[in-house]
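Peer 1: Can you read through this structure? Questions will come right after.
Number of protein chains: 2
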Amino acid sequence: MDFELDPRLAGSSIELGRFGRSRVLLKNNAHFLWLLLVPETAVTELHELPADQFEEVSGQTRQLSTWVKGAFQVDKINVAAIGNIVSQLHVHIVGRNRDDVAWPGTVWACDEKKPFSDAELIDVQTRFTLAFNSARSS
Amino acid sequence: MDFELDPRLAGSSIELGRFGRSRVLLKNNAHFLWLLLVPETAVTELHELPADQFEEVSGQTRQLSTWVKGAFQVDKINVAAIGNIVSQLHVHIVGRNRDDVAWPGTVWACDEKKPFSDAELIDVQTRFTLAFNSARSS
Numbered sequence: 001m002d003f004e005l006d007p008r009l010a011g012s013s014i015e016l017g018r019f020g021r022s023r024v025l026l027k028n029n030a031h032f033l034w035l036l037l038v039p040e041t042a043v044t045e046l047h048e049l050p051a052d053q054f055e056e057v058s059g060q061t062r063q064l065s066t067w068v069k070g071a072f073q074v075d076k077i078n079v080a081a082i083g084n085i086v087s088q089l090h091v092h093i094v095g096r097n098r099d100d101v102a103w104p105g106t107v108w109a110c111d112e113k114k115p116f117s118d119a120e121l122i123d124v125q126t127r128f129t130l131a132f133n134s135a136r137s138s
Numbered sequence: 001m002d003f004e005l006d007p008r009l010a011g012s013s014i015e016l017g018r019f020g021r022s023r024v025l026l027k028n029n030a031h032f033l034w035l036l037l038v039p040e041t042a043v044t045e046l047h048e049l050p051a052d053q054f055e056e057v058s059g060q061t062r063q064l065s066t067w068v069k070g071a072f073q074v075d076k077i078n079v080a081a082i083g084n085i086v087s088q089l090h091v092h093i094v095g096r097n098r099d100d101v102a103w104p105g106t107v108w109a110c111d112e113k114k115p116f117s118d119a120e121l122i123d124v125q126t127r128f129t130l131a132f133n134s135a136r137s138s
């Protein structure tokens, strides 16, 4: 389909790869290991996806949650589909630690931002590619 | 299984009914139509549920989201599994409106609380029971 990533999502993140009909983005904020899973759809509500794509996105959310928790040894996973500001459907998968800047609050109420260094980005990208054997799309 | 609802979840909500192996609670805050879906499990991370229960909970989340959006004509559904404070696994399904007290922020960063009136509670309970043909468990 003719799909274009919302510029607000694209501008605040790095694309790690593709996952079936979804894209996986990393929020460029080193305070958190925070992924956005963006299914290629014009639907804006998770529950309004067609059944097969809803199942696909649910399974991808599960896989990415498992990966973040295991690969980055975080204390907790937070997952959410909100979309009050950017309506393009995106699922947040966020690794949280008891000593992170927002704990126990949510990342959506946290204004703290710190871009990843190049070395950190390469590290995350490499782990992602090794875990999912996915080439970067750009 | 021997399952007891966390007293912080029980104390802030009303049980609307059962849904397979899950309970459906209504947060007692009339600012939002805010459900908690609580699978009977000791697992604290959504992605760590056994595959069949993960699918069950995903499907229930979808059904409840559809119901909240349709029955209460809200503008947007927010769904999340967070659990940073109350670790017992619970999925938030929240009906949001562009004129609600927290918009466009999230409900988790909002301290505004207003208990439902008895009439409002009866209305929500009746709609839930009619929609899902579920008897209250208490």
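Chains as they are written, first to last, in my numbering: chain C, 1 to 138; chain Y, 1 to 138. Even glycine gets a Cβ: it sits at the ideal position worked out from N, Cα and C. Quick caveat, the model's predicted, so the values are computed rather than measured.
In chain order, what residues of the same chain have a beta carbon less than 6 Å from the beta carbon of PHE19 of chain Y, not counting five sequence neighbours either side?
Peer 2: As a position in the second sequence, residue 19 of chain Y is number 19, starting the count at 1. If we look at PHE19 of chain Y and ignore the five residues flanking it on each side, its Cβ neighbours are GLN60.
Peer 1: By the DSSP assignment, the alpha helix (DSSP H) with PHE132 of chain C in it spans what residues?
Peer 2: Looking up residue 132 of chain C in the first sequence gives position 132. It spans 118–132 - the alpha helix (DSSP H) in which PHE132 of chain C sits, taken as one unbroken run.
Peer 1: Could you tell me which of C:PHE3, C:HIS31, C:LEU35 and C:ASP2 sits nearest to ILE14 of chain C, measuring between CA atoms?
Peer 2: Against the first sequence, residue 14 of chain C aligns to sequence position 14. When each option's Cα is compared against that of ILE14 of chain C, the closest is C:LEU35.
Peer 1: For the ligand SAH, is there a heavy atom less than 8 Å away from the beta-carbon of LEU25 of chain C?
Peer 2: Among the components of this structure there are no ligands whatsoever, and the ligand SAH is therefore not found.
Peer 1: Counting only Cβ-Cβ distances shorter than 9 Å, please list the residues of the segment 17–51 of chain C near chain Y, keeping chain order.
Peer 2: The segment 17–51 of chain C vs chain Y, Cβ under 9 Å: THR44, GLU45, LEU46, HIS47, GLU48, LEU49 and ALA51.
Peer 1: Excluding the 5 residues flanking ARG98 of chain Y on each side, which residues of the same chain have their C-beta closer than 6 Å to its C-beta?
Peer 2: What you label residue 98 of chain Y is simply residue 98 of the second sequence in a count that begins at 1. The answer, listed in chain order, is ASP75.
Peer 1: First and last residue of the beta strand (DSSP E) that includes ALA80 of chain Y?
Peer 2: Indexing the second sequence from 1 puts residue 80 of chain Y at position 80. First-last of the beta strand (DSSP E) with ALA80 of chain Y: 76–81.
Peer 1: Can you find a C-beta in chain Y that's less than 9 Å from the C-beta of ASN78 of chain C?
Peer 2: Residue 78 of chain C sits at position 78 when you count from the first residue of the first sequence. It does; some Cβ of chain Y falls within 9 Å.
Peer 1: Tell whether a beta-carbon distance below 9 Å holds between ARG21 of chain Y and GLU40 of chain Y.
Peer 2: Within the second sequence, residue 21 of chain Y is the residue found at index 21, counting from 1. Within the second sequence, residue 40 of chain Y is the residue found at index 40, counting from 1. Against a cut-off of 9 Å, the Cβ pair of GLU40 of chain Y and ARG21 of chain Y comes out as a contact.
Peer 1: Just curious, the alpha helix (DSSP H) that GLU55 of chain Y is in, first and last residue?
Peer 2: For the purposes of this step, residue 55 of chain Y is identified with residue 55 of the second sequence, where counting begins at 1. Element bounds for GLU55 of chain Y: 51–72.
Peer 1: The alpha helix (DSSP H) spanning ARG18 of chain C covers which residue range?
Peer 2: Counting from one through the first sequence, the residue named residue 18 of chain C turns up at place 18. Segment 13–19 is the beta strand (DSSP E) holding ARG18 of chain C; no alpha helix (DSSP H) there.
Peer 1: Output, in chain order, the set of chain Y residues within a Cβ distance shorter than 7 Å of PRO104 of chain C.
Peer 2: Within the first sequence, residue 104 of chain C is the residue found at index 104, counting from 1. Those are ASN84 and ILE85, listed as they occur along chain Y.
Peer 1: Quick check: is the beta carbon of PHE54 of chain C nearer than 9 Å to any beta carbon in chain Y?
Peer 2: Start at 1 with the first residue of the first sequence, and residue 54 of chain C comes out as number 54. Output row for PHE54 of chain C: interface = yes.
Peer 1: Measure from the alpha carbon of THR66 of chain C to the alpha carbon of each residue in Y:HIS31, Y:PRO50 and Y:ARG23, then state which is nearest.
Peer 2: Reading the first sequence from its first residue, position 66 is the one you call residue 66 of chain C. Comparing Cα positions, the closest option is Y:PRO50.
Peer 1: Need the endpoints of the beta strand (DSSP E) that LYS114 of chain C sits in, please.
Peer 2: Locating residue 114 of chain C in the first sequence gives position 114, where the first residue counts as 1. Where LYS114 of chain C is concerned, there is no enclosing beta strand (DSSP E), given that its DSSP letter is neither H nor E.
Peer 1: Determine, using beta carbons only, whether ALA10 of chain C and LEU25 of chain C come nearer to each other than 9 Å.
Peer 2: For the purposes of this step, residue 10 of chain C is identified with residue 10 of the first sequence, where counting begins at 1. For the purposes of this step, residue 25 of chain C is identified with residue 25 of the first sequence, where counting begins at 1. Yes.
Peer 1: So, for PHE54 of chain Y: in the same chain, excluding its five sequence neighbours on each side, which residues have a beta-carbon less than 8 Å away from its beta-carbon?
Peer 2: Numbered from 1 along the second sequence, position 54 holds the residue referred to as residue 54 of chain Y. So the qualifying residues of the chain are LEU46 and HIS47.
Peer 1: Taking C-alpha atoms, which residue in C:ASN29, C:ALA42 and C:LEU33 lies nearest to ASP2 of chain C?
Peer 2: For the purposes of this step, residue 2 of chain C is identified with residue 2 of the first sequence, where counting begins at 1. When only C-alpha atoms are compared, the closest one is C:ALA42.
Peer 1: Taking just the CA atoms, how far does GLN73 of chain C sit from VAL91 of chain C?
Peer 2: Your numbering for residue 91 of chain C matches position 91 in the first sequence. Your numbering for residue 73 of chain C matches position 73 in the first sequence. Those two C-alpha atoms are separated by around 21 Å.
Peer 1: Below 7 Å CB to CB, which residues in the same chain sit around SER138 of chain C once its five sequence neighbours on both sides are set aside?
Peer 2: Stepping through the first sequence from its first residue, residue 138 of chain C is reached at position 138. In this prediction, SER138 of chain C has a pLDDT of 44, which is less than 50 and means its spatial position is unreliable; what the coordinates show is noted afterwards. Contacts found: GLU15.
Peer 1: Within 10 Å of its beta-carbon, does ARG96 of chain Y have 16 or more other beta-carbons around it, so buried, or fewer, so exposed?
Peer 2: For this step, residue 96 of chain Y is matched to residue 96 along the second sequence. It is buried - the Cβ of ARG96 of chain Y has at least 16 other Cβ atoms within 10 Å.
Peer 1: Start and end of the beta strand (DSSP E) containing LEU5 of chain C?
Peer 2: The sequence position of residue 5 of chain C within the first sequence is 5, counting from 1. Element bounds for LEU5 of chain C: n/a, residue is neither H nor E.
Peer 1: Going by alpha carbons, who is nearest to GLU56 of chain C out of C:VAL38, C:LYS114 and C:ALA131?
Peer 2: Taking the first residue of the first sequence as 1, we reach residue 56 of chain C at position 56. Ranking the options by Cα distance to GLU56 of chain C, first place goes to C:VAL38.
Peer 1: Assuming VAL80 of chain C and VAL79 of chain Y form a contact by the criterion Cβ under 8 Å, report the distance between their Cβ atoms to the nearest whole angstrom.
Peer 2: Stepping through the first sequence from its first residue, residue 80 of chain C is reached at position 80. Stepping through the second sequence from its first residue, residue 79 of chain Y is reached at position 79. For the sequence presented, residue 80 of chain C should be read as Ala rather than Val. Contact flag correct, Cβ pair sits at about 7 Å.
Peer 1: Counting only beta-carbon separations shorter than 9 Å, does LYS71 of chain Y have a partner in chain C?
Peer 2: For the purposes of this step, residue 71 of chain Y is identified with residue 71 of the second sequence, where counting begins at 1. Reading off the sequence, residue 71 of chain Y comes out as Ala, not Lys. ALA71 of chain Y does not count as touching chain C.
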